[in-house]
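Read through the structure below, which is laid out as structure tokens, and then see the notes.
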Amino acid sequence: MKKILPVILLVSFGADAGFDEKVAASFAAKYHVCAKRLDNNSMPLRALKLRAKSKEITRNKIGDGYLVHFDKEKKRAWKLSLNKCKKLADKL
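Mapping of the sequence shown onto the working numbering: position 32 corresponds to residue 1106, and the numbering continues sequentially without gaps.
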């Protein structure tokens, strides 16, 4: 029993994101990266909308698992085309 308790505690405090955190991190990363890309291409109003939405999602879902998944999704989001970024901004 003395050996099992520390293992249970370590597992319960692991940095594993739930489904809702993964989805939120995916959208926040896309918005964050697209905001940077649109800002570099002289579209500051669209970038501002995306940056605000990304920060809002991050404030609501902050956690260890969320941050890990957010970093992974940011790397994938750089592959989005500029057209898709424009469409994301226009949908908001």
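All C-beta atoms, glycine included, are put in the ideal place defined by N, C-alpha and C.
Leaving out five residues before and five after residue i in sequence, what residues of the same chain have Cβ atoms less than 6 Å from its Cβ?
i       : result
LEU1112 : ARG1120, ALA1121, CYS1159
LEU1124 : TYR1105, CYS1108, ALA1109, ALA1163
Could you please give the first and the last residue of the uninterrupted alpha helix (DSSP H) stretch that includes residue i?
i       : result
ILE1131 : 1118 to 1135
GLY1092 : That residue, GLY1092, is in no alpha helix (DSSP H); it is neither H nor E in DSSP.
LEU1156 : 1156 to 1165
LYS1148 : 1138 to 1151
Count the other C-beta atoms from every protein chain shown that fall within 10 angstroms of the C-beta of residue i, then say buried if there are 16 or more, exposed otherwise.
i       : result
GLU1130 : exposed
LYS1165 : exposed
VAL1093 : The sequence given here places Phe at residue 1093; Val does not occur at that position. Burial call: exposed.
ALA1126 : exposed
LYS1135 : buried
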